[in-house]
Structure formats: structure tokens, C-alpha cells
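Here the structure comes first, spelled out in C-alpha cells, and everything after it is commentary.
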Amino acid sequence: MKVVSPGYLVENKIDINQQIMIDKLSMQGKTVVFVLIDTKAVGAIALGDIIREESKEAIKQLKQMGIKTIMLTGDNKQVAKWVADELDIDEYFAEVLPHKKSEKVKEVQSKGMTVAMIGDGVNDAPALAQANVGIAIGAGTDVAVETADIILVRSNPKDVVALVKFAKATYNKMVQNLIWATGYNIVAIPLAAGVLYSEGIVLSPALGAVLMSLSTIIVAINAKLLKLG
Numbered sequence: 145m146k147v148v149s150p151g152y153l154v155e156n157k158i159d160i161n162q163q164i165m166i167d168k169l170s171m172q173g174k175t176v177v178f179v180l181i182d183t184k185a186v187g188a189i190a191l192g193d194i195i196r197e198e199s200k201e202a203i204k205q206l207k208q209m210g211i212k213t214i215m216l217t218g219d220n221k222q223v224a225k226w227v228a229d230e231l232d233i234d235e236y237f238a239e240v241l242p243h244k245k246s247e248k249v250k251e252v253q254s255k256g257m258t259v260a261m262i263g264d265g266v267n268d269a270p271a272l273a274q275a276n277v278g279i280a281i282g283a284g285t286d287v288a289v290e291t292a293d294i295i296l297v298r299s300n301p302k303d304v305v306a307l308v309k310f311a312k313a314t315y316n317k318m319v320q321n322l323i324w325a326t327g328y329n330i331v332a333i334p335l336a337a338g339v340l341y342s343e344g345i346v347l348s349p350a351l352g353a354v355l356m357s358l359s360t361i362i363v364a365i366n367a368k369l370l371k372l373g
């Protein structure tokens, strides 16, 4: 007894019955494999992916943040289309060979997009390296984990949303602190140099040191608020 793919049947010119039913299962996003006894097909098994609710919610939130979602898979087009429709993914690439995944990432980058690639397998490693940001699932292969820039400890798609939010919040804090530090120096340094001495405004070295310490404290407190946010 053997369990084989549809391609095996075609290569060996083995006929099957119930082709309409098999096509219907394929249209539902299921991968159909066949059971052979000797050289006769005696049965078929439909294998399907289970769409996790966390995945649907993650895709929804990413799209609300203005992020385009793309699926890269080696599955056939029917399965890929079904999954993409179920998750409301913007675009998908199906039947992509392992060594072609990095090329697909390059193709997306050539359109002027910044790409964050999420993967967990050995075949994903080149694409993770090619992406602007490689994100590996902690439970994935060692090669993927070592190649990625960021490693997610859990296999929860919603962690990607949290990661993006954290990155944006961190960037906003950096900008805020930069504006504060720059503005402070633009005002305080000329005063310390005596620019307004003729107006009777002088910033003494002692007061300047106090204000410099205060500026550092404000920046540190603002950065600390990131955790609360």
C-alpha cells in the first residue's frame, strides 16, 4: 500500500474515479492524496489547514494599521486562494519552490515596499535574510531562528501585531526625546554662552548643570513611559 500525490498518478498514468468530487475538495482548499494498493487507486484522503482565529485577528489588525499582507507558500494555487480568502489576505504567491522564496521577497521590495518576512522553516531562511526585517517563530528550525532579526517566543500570529505596535511606539519615543533634547540645547547653550547678557539674562554654570540633569531625567522618564503605554 502507498499514499501518493496527484502528480504520482499522472506520472504513472493511473486512472481514478470520482474526479469531480476530488476537484470539489481541492476547490475547498484541501490537498488530496491517494491510497494505492498495488497499482490501483482505492481511496483518497483530503488534508486541510485549520485556520486559527488568532491568524484572522492578526491579519485584520495589520490591515487596519495600513500594512499590506502577502502570503508566500509552496501549496498549490487552489489551497493558497482558499486560505487567502479565509484570512482576507491582500495578495498571495502559490507553488513557490523553496529556493525561489527569496526572489519573491526581492520582487516585492522592487516595488518600493519595506518587507517584514515571517517564517519558521529551513526553506524560509534565505527569504528571512533577504527581507528588510526577518521574523522567526521561536518553535521553528534553528536555521530560521539564526537567520532572523527578531524571534517570537510563542507561535501566536497576534504577537506580530504587538511587535509592530511596540516598534512604532519606540520610534515615537525616540522622536519625542530627540525633539526635547534638541530644543533644550538650542535654547540653553546660547543662554549659557551669554547671548542675552545685554538684556540681563545670564545662565550660570551651576544652573546650567541643574537644567542639563533635569533634561536627562525628563528623557529617561519619557522613555520609561513606553512600558506603561
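Numbering-wise (the working numbering), the sequence shown opens with residue 145 and increments by one. Glycine is no exception: its CB is placed at the ideal position from the N, C-alpha and C atoms. Being a predicted model, the structure only gives us computed values, none of them experimental.
Measuring alpha carbon to alpha carbon, tell me which of Val308, Asp159 and Met209 ends up nearest aspartate 183. Here residue 183 refers to the residue found at position 39 when the sequence shown is read from its first residue. Checking the sequence shown, residue 183 turns out to be threonine, not aspartate. For threonine 183, the nearest C-alpha among the options comes from Asp159.
Where does the unbroken alpha helix (DSSP H) through lysine 146 begin, and where does it stop? For the purposes of this step, residue 146 is taken as the residue at position 2 of the sequence shown. It is not in any alpha helix (DSSP H) - lysine 146 instead sits in the beta strand (DSSP E) that spans 146 to 148.
Valine 249 and valine 259 - do their beta-carbons sit closer together than 8 Å? On the sequence shown, position 115 is the one that residue 259 refers to. On the sequence shown, position 105 is the one that residue 249 refers to. Yes; because the gap between Cβ atoms is below 8 Å, this pair is in contact.
Since phenylalanine 237 sits in a beta bridge, which residues does DSSP pair it with? On the sequence shown, position 93 is the one that residue 237 refers to. According to DSSP, which records beta bridges pairwise, phenylalanine 237 is partnered with Leu216.
Does the count of Cβ pairs from the region 203 to 223 and the region 234 to 250 closer than 8 Å reach three? yes
Taking DSSP's pairing of strands, which residues face lysine 184 in a bridge? Position 40 of the sequence shown, counted from the first residue, corresponds to residue 184. According to DSSP, lysine 184 bridges with Ile181.
If you reduce the DSSP assignment to three classes, tell me which class leucine 351 lands in. By 1-based counting over the sequence shown, the position of residue 351 is 207. If DSSP states are grouped into helix, strand and coil, leucine 351 belongs with the helices.
With a floor of 4 residues, list each alpha helix (DSSP H) that falls wholly inside the region 282 to 344, ordered by position along the chain. 286 to 291 and 302 to 336
Nearest-angstrom Cα distance between glycine 210 and alanine 202? Translated into positions along the sequence shown, residue 210 becomes position 66. Translated into positions along the sequence shown, residue 202 becomes position 58. If I take the Cα positions, the gap works out to 13 Å.
For the pair the region 345 to 353 and the region 310 to 326, tell me if three or more CB-CB distances fall below 8 Å. no
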